[in-house]
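Notes follow the structure.
Protein chains: 2
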Amino acid sequence: MIQQRIKKLRKILVEKNLDGFLVSNFHNVLYLTGFKTLTENEREAWTLVTKNNIYLFTDARYMSFPRKRESREMDPPIKSEDDNVKYKLITPEKGLIKHLQEIVEEERINQLGFEGDDLKVNELQKIKDHLTNIKTVSLEKFIIKIREIKDEEEINNLGTACKIADECLEDVTKLIRPGISEKEIAFKIEFWLKEKGYDMSFYPIVAVDKNSAIPHYDTRAGNNEKVKKNSIILIDYGAKFKDYHSDTTRMIFTGKPSGEMINTYQTLLNAQTQSIERLKIDSNPVSVDQFCRRLMTTNLSYPHSTGHGVGLQIHEFPKISFTSTDVLLPNQVVTIEPGVYFENKWGMRIEDTVLIKEKGEIEVLTKFSKKSLIISNC
Amino acid sequence: MIQQRIKKLRKILVEKNLDGFLVSNFHNVLYLTGFKTLTENEREAWTLVTKNNIYLFTDARYMSFPRKRESREMDPPIKSEDDNVKYKLITPEKGLIKHLQEIVEEERINQLGFEGDDLKVNELQKIKDHLTNIKTVSLEKFIIKIREIKDEEEINNLGTACKIADECLEDVTKLIRPGISEKEIAFKIEFWLKEKGYDMSFYPIVAVDKNSAIPHYDTRAGNNEKVKKNSIILIDYGAKFKDYHSDTTRMIFTGKPSGEMINTYQTLLNAQTQSIERLKIDSNPVSVDQFCRRLMTTNLSYPHSTGHGVGLQIHEFPKISFTSTDVLLPNQVVTIEPGVYFENKWGMRIEDTVLIKEKGEIEVLTKFSKKSLIISNC
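Residue numbers (my numbering), protein chains in the order written: chain A, 132 to 509; chain B, 132 to 509.
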């Protein structure tokens with residue numbers, strides 16, 4: 132699979148007349164090599180893809196076991212015998228720059244691309260200061276645009292992440308009753324996943340009553356509202372499997388929801404399910420976004436996009452929004468998540484993770500029921 | 132407290148002849164305003180400090196409750212009546228750039244500093260393209276160097292984080308016995324903290340037997356070694372309290388450690404405790420690093436630094452290493468963490484978080500015993 136990814140990348144390098152591409156982004160290094168460092172933000176690994184080689188630069192901490200990857204990881208890093216992945220040791224004496232100088236010389240690199248939306252200003256400055264003979268070319272949204280089309284392995288991982296999330300909510304909803312707080316519900320989700328060796332896609336949004344009216348309510352910083360006899364509960368959460376994310380939002384009600392709530396939910400559910408269907412025939416995300424908004428009644432709208440791609444990160448391409456310039460294509464995995472928010476009253480959102488298949492087919496990967504939403508055991 | 136931080140920043144701006152400073156880094160925005168967004172990496176908030184104003188730019192999701200912060204947060208954001216923090220709403224129509232254009236005009240900003248070690252290449256390009264009348268100045272390690280001296284509130288938070296970590300390990304060590312695995316121990320630490328509403332400083336390193344010889348063993352990706360009747364267990368972990376981190380490493384033994392282990396441990400413990408004492412009198416981190424290494428016997432050394440600052444991030448300044456250019460000063464909080472690693476055999480590290488006080492005084496904030504290290508209930 133990784134071979135295919137490198138192939139796609141190299142094809143574009145040729146088109147852009149680049150001799151090499153330096154990858155700084157944590158997720159993109161993982162995508163192209165299967166190699167993952169402990170932290171996202173500390174620049175512990177870099178990748179350089181040239182016409183003939185793939186280099187991975189990392190420090191001694193990782194060098195003693197770069198190829199022992201475990202089931203929680205993605206692919207094992209490519210074996211150098213197979214495909215020229217060359218591990219280069221970063222030390223205090225010989226950092227990335229010195230390695231690059233050597234390779235630029237050896238492989239006669241004249242034009243080097245880099246991730247303009249990831250590389251820091253001072254990192255580029257250092258490269259320019261020490262590699263004076265080459266031209267550096269800033270590319271934006273480059274590998275992440277390659278990543279928007281998922282391969283078989285990625286689709287399997289995303290499917291499994293969604294399945295795990297379904298099972299999690301199945302169990303956690305059984306624990307919801309009057310008296311339980313937002314943070315307790317969030318903790319049950321986290322605990323369920325971690326106990327089984329998985330992780331969360333992000334810290335769950337659990338928003339009860341008035342808090343559900345805040346589109347991106349921060350459960351950790353919030354007032355930890357408790358579920359009451361008649362409550363509306365928004366749960367936006369996901370599971371991570373082999374670094375791939377799922378994203379689901381479900382509404383749960385305790386007691387008897389009001390007529391207004393039931394009507395609003397029906398409108399929202401209709402808009403959401405029809406917009407998912409729409410993905411079969413519409414390749415324009417702006418049009419899908421507008422389609423979904425039109426299905427809400429005139430006084431209902433939502434101050435966020437209708438959906439987004441999901442993969443190694445929770446927010447990827449394509450964006451399904453008014454300003455999107457993307458195209459909807461087979462083997463993309465996206466969310467559809469319209470919402471309704473009445474400030475200081477309540478809000479609702481329904482969200483699924485959906486695979487766009489070949490030939491007008493889609494598969495909703497998150498299968499947790501959207502109908503049996505009322506908890507009456509209270 | 133935040134007033135003092137802004138005052139320090141403004142003093143340096145005057146020295147550097149800057150009219151304003153744009154802050155992009157998540158932790159630095161939090162440090163200067165008390166405002167925290169949901170994610171670290173999605174540029175959801177920016178801060179601009181000018182001679183007379185502090186601006187916070189963020190989107191609608193945060194605007195409905197920017198001042199409702201909870202106990203898990205740091206300070207409440209500064210009230211605009213008090214000190215001119217001005218919230219500016221970022222929308223698709225009016226992004227950061229348009230806001231900056233207005234403010235640059237209003238406040239007659241000619242020289243604008245930015246975080247060269249945080250701002251992305253394409254972000255700077257956009258600023259340069261749209262603010263053609265100003266000069267942009269890249270500063271590196273700017274706010275993080277201000278952050279190396281902790282104020283009273285920060286020291287209190289760090290102290291509490293260390294205390295929580297102590298209590299956590301006190302409870303978790305009771306659960307360690309032959310048969311328990313690395314991931315199970317890590318999970319117990321995580322669960323203990325999360326259940327009480329705290330968080331981890333980082334995913335714990337729990338390394339059993341041979342794995343303890345890998346300085347930065349990745350417990351999540353590792354082979355999940357189980358504790359045996361005679362095992363050596365390295366636990367490197369921390370708690371987070373109000374965004375402030377603690378950092379501790381302890382060695383635990385089951386059964387009877389070998390004579391070599393006991394001797395090595397004594398040497399290491401002696402080096403570690405004497406190096407902590409050394410912080411009272413030595414303001415040169417390079418010298419402390421060398422001092423600690425000299426106390427190990429000639430055949431024992433460690434392929435990492437002796438310590439680092441701790442605060443809003445787990446790795447801050449000052450660095451206590453051979454290459455450090457920092458100065459050890461009162462009100463810094465640092466780790467001292469020498470180790471010994473015998474490849475394919477076992478390793479040891481002892482680490483504390485230490486407050487450097489005024490007048491040759493220090494306080495070890497992590498107080499979990501370094502002596503009662505043998506678990507015999509097995």
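From the three backbone atoms N, C-alpha and C, an ideal C-beta is built for every residue, glycine too. The model shown is predicted, which means the values in this text are computed figures rather than measured ones.
Q | S436 (chain B) and H376 (chain B) closer than 8 Å at C-beta | A | no
**Q.** Under the three-state DSSP convention, the category S418 (chain A) falls into
**A.** helix
Q) Can you list the alpha helix (DSSP H) stretches of 4 or more residues lying completely in the segment 206-271 of chain A, in chain order? A) 211-214, 227-237 and 252-261
Q. How big is the Cα-Cα spacing for Q103 (chain A) and D349 (chain B)?
A. Given a span of 132 to 509 for chain A in the structure shown, any question on residue 103 (chain A) remains unanswerable.
Q | Proximity of A317 (chain B) and P335 (chain B) at Cβ, strictly below 8 Å | A | yes
Q: Check the Cβ of T437 (chain A) against every Cβ in chain B and list those closer than 7 Å, keeping chain order.
A: Neighbours of T437 (chain A) on chain B: none; closest Cβ ~14 Å, over 7 Å.
Q | Collapsed DSSP secondary structure at Y472 (chain B) in the structure displayed | A | strand
**Q.** Spatial distance of I320 (chain B) from F448 (chain A) (CA atoms)
**A.** 36 Å
Q | Burial state of S202 (chain A), where buried means 16 or more other Cβ atoms lie within 10 Å | A | Residue placement at S202 (chain A) cannot be trusted, given a pLDDT of 31 that sits under 50; what the coordinates show is reported in the next sentence. Per the 10 Å Cβ criterion, exposed.
**Q.** Selection from A:V216, A:I345 and A:V145 that minimises the alpha carbon distance to Y472 (chain A)
**A.** A:I345
(Q) By alpha-carbon positions, which one of B:I364, B:L220, B:I265 and B:R425 ends up nearest to A176 (chain B)? (A) B:L220
Q.
Assuming D420 (chain A) and I451 (chain A) are in contact, meaning their beta carbons sit under 8 Å apart, how far apart are those beta carbons, in whole angstroms?
A. 5 Å
Q.
Distance cutoff 8 Å, beta carbons only. Does L149 (chain B) sit that close to anything in chain A?
A. no
Q. Hey, how far is the Cα of I280 (chain B) from the Cα of L163 (chain A)?
A. 40 Å
Q. From K490 (chain B) to K411 (chain B), what does the alpha carbon distance come to, in whole angstroms?
A. 8 Å
**Q.** Closer than 7 Å at the beta carbon, the chain A residues around D260 (chain B)
**A.** In chain order: nothing, as chain A lies at least about 13 Å away.
Q: Taking K294 (chain B) as the reference, give the member of B:E494, B:E233 and B:I505 with the closest Cα.
A: B:E494
Q: Taking a Cβ distance cut-off of 9 Å, strictly less, list which residues of the segment 221-250 of chain B are near chain A, in chain order.
A: P223, F245, E246, G247, D248, D249 and L250
Q. Do three or more CB pairs link the segment 142-156 of chain A to the segment 235-253 of chain A at distances below 8 Å?
A. yes
(Q) Quick check on the DSSP output: the beta strand (DSSP E) that includes D367 (chain B) runs from which residue to which? (A) I363 to Y368
Q: Give the DSSP-derived three-state secondary structure of R203 (chain B) in the structure shown.
A: At R203 (chain B) the pLDDT is 32, less than 50, meaning the model places this residue with poor confidence; the figure from the coordinates comes in the next sentence. Here R203 (chain B) sits in coil by DSSP.
Q: Kindly say whether S418 (chain A), judged by its beta-carbon, lies nearer than 8 Å to any beta-carbon of chain B.
A: no
Q.
Between the alpha carbons of I454 (chain B) and E224 (chain A), how many angstroms are there, rounded?
A. What sits at residue 454 (chain B) in the sequence shown is Thr, not Ile. C-alpha separation (whole angstroms): 11 Å.
Q: Taking D349 (chain B) as the query, report the chain A residues whose CB atoms sit under 7 Å from its CB, ordered along the chain.
A: L169
**Q.** Per-residue DSSP class, three states only, for D349 (chain B)
**A.** coil
Q. Should N253 (chain A) be flagged as near chain B, meaning a C-beta pair shorter than 8 Å?
A. yes
Q. How many Å lie between I277 (chain A) and K139 (chain A) at the Cα?
A. 8 Å
Q: Determine the contact status of L306 (chain A) and A338 (chain A), defining contact as a CB-CB distance below 8 Å.
A: no
Q: Could you name the residues that DSSP lists as bridge partners for K490 (chain A)?
A: The partner list for K490 (chain A) (beta bridge, DSSP) is empty, contrary to what the question assumes.
Q: Determine the burial state of R136 (chain A): buried for a count of at least 16 other Cβ atoms within 10 Å of its Cβ, exposed for fewer.
A: buried
Q: Starting from R136 (chain A), follow the alpha helix (DSSP H) in both directions and report where the run begins and ends.
A: I133 to E146
Q) Of the residues that make up the segment 266-293 of chain A, which ones have a beta carbon closer than 7 Å to any beta carbon in chain B? A) S269 and E271
Q. Given that R528 (chain A) touches chain B, what residues does it touch there, using C-beta distances under 9 Å?
A. As displayed, chain A neither begins before 132 nor continues past 509, which places residue 528 (chain A) out of reach and without an answer.
Q: Specify the secondary structure class of D483 (chain A) as computed by DSSP and reduced to three states.
A: strand
Q. Under the rule that 16 or more other beta-carbon atoms within 10 Å means buried, what is K167 (chain B), buried or exposed?
A. buried
Q: Report yes or no: is there a C-beta of chain A within less than 8 Å of the C-beta of F318 (chain B)?
A: yes
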